[in-house]
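Trainee: First residue of the sequence shown? That's 180 in the numbering used here, and the numbers climb one at a time after it.
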Amino acid sequence: MRVKMASLTDQIPEPSERRNIPSKIRIMTPPPDAPANADSIREADEITYVDRKMAFICSKGNLDMAYPALIMAHSALNAGVHVDVFFTFWGLDIINKRTMDRLKFTMQGNAAIHFPTLEKYYPGLGDMHFSPLFGALPGMTKLSTWYMKNELQKMEIPPVRDMLEQIAQLGANLWACKLSADMMKLTPRHLHKCVRGIVDADTFIEMSEGAQIIFI
180 MRVKMASLTD QIPEPSERRN IPSKIRIMTP PPDAPANADS IREADEITYV
230 DRKMAFICSK GNLDMAYPAL IMAHSALNAG VHVDVFFTFW GLDIINKRTM
280 DRLKFTMQGN AAIHFPTLEK YYPGLGDMHF SPLFGALPGM TKLSTWYMKN
330 ELQKMEIPPV RDMLEQIAQL GANLWACKLS ADMMKLTPRH LHKCVRGIVD
380 ADTFIEMSEG AQIIFI
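(1) Along the chain, where does the beta strand (DSSP E) containing residue 263 start, and where does it finish?
(2) Would the beta-carbon of residue 256 fall within 8 Å of that of residue 376?
(3) Pull the bridge partners of residue 391 from the DSSP assignment, please.
(4) Quick one: give me the first and last residue of the beta strand (DSSP E) that residue 352 is part of.
(5) From the DSSP output, in three-state form, read off residue 171 for me.
(6) What number of angstroms, rounded off, separates the C-alpha of residue 342 from the C-alpha of residue 372?
(7) Take residue 274 and list the residues in its own chain whose beta-carbon comes closer than 6 Å to its own, dropping the five residues that flank it on each side.
(8) Looking at the unbroken alpha helix (DSSP H) that takes in residue 336, where does it start and where does it end?
(9) Use the C-beta contact count for residue 263: other C-beta atoms within 10 angstroms, 16 or more gives buried, fewer gives exposed.
(10) Please classify residue 345 as buried or exposed, where buried requires at least 16 other C-beta atoms within 10 Å of its C-beta.
Shown next, in the form of structure tokens:
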């Protein structure tokens with residue numbers, strides 16, 4: 180099942196062609212008090228093309244911390260943007276074959292937790308925030324994880340494993356942090372097949388030069 184994302188291109192090109200697709204950036208229109216002339220009007224209507232790069236750094240291994248990067252990477256790839264994803268520290272759980280299917284969502288430490296589904300039982304209940312202390316109760320992490328996975332499934336958002344495979348097929352480069360991998364005793368055989376390699380921070384900084392960096 181593929182995630183339903185709005186594409187900015189009429190057709191999604193093959194991964195080998197994707198690197199050369201520019202993204203659209205509109206030229207800013209002149210201020211209202213600027214003199215109107217043919218050149219300024221023409222410039223305002225033009226669209227210029229530039230190559231774009233995005234680099235996502237995934238540092239957390241919670242279920243709700245995995246999807247933001249994967250979904251944004253999917254959308255960026257559909258727009259023809261070059262994407263690198265760097266998994267470091269607990270973010271390695273997202274690409275670790277032993278943990279990627281068992282990511283958890285917990286209420287602990289999350290002061291913004293609420294369950295919109297409860298709105299159907301009583302008006303306003305869906306916006307009521309629950310104390311993070313509820314997360315310490317036995318079974319609450321399991322219940323919260325089930326709830327999030329169920330809501331994602333209703334929206335036809337694939338599991339983490341499938342999302343990784345999708346963005347890799349679309350041309351994303353997935354990298355594991357060497358320092359974190361060494362600390363957690365992980366080798367390439369522990370990682371998902373879509374991961375291109377284990378690199379150090381210096382290498383990732385060099386390859387992401389000029390990219391829009393998003394840290395999660």
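We put the CB at the ideal spot given by N, CA and C, even for glycine.
Mentor: Put simply:
(1) Boundaries of the beta strand (DSSP E) harbouring residue 263: 261-266, taken from the DSSP string.
(2) Not closer than 8 Å, so no.
(3) DSSP, once it has assigned bridges, lists 233 as partnering residue 391.
(4) Looking at the DSSP string, the run of the beta strand (DSSP E) that includes residue 352 is 352-356.
(5) Because residue 171 is not part of the residues shown, which for the chain are 180 to 395, the question remains open.
(6) Taking the straight line from one Cα to the other gives about 13 Å.
(7) Excluding residues within five positions, the ones whose Cβ falls inside 6 Å are 266, 370, 371 and 374.
(8) Where residue 336 is concerned, there is no enclosing alpha helix (DSSP H), given that its DSSP letter is neither H nor E.
(9) Residue 263 is buried by the Cβ-count criterion.
(10) Residue 345 comes out buried.
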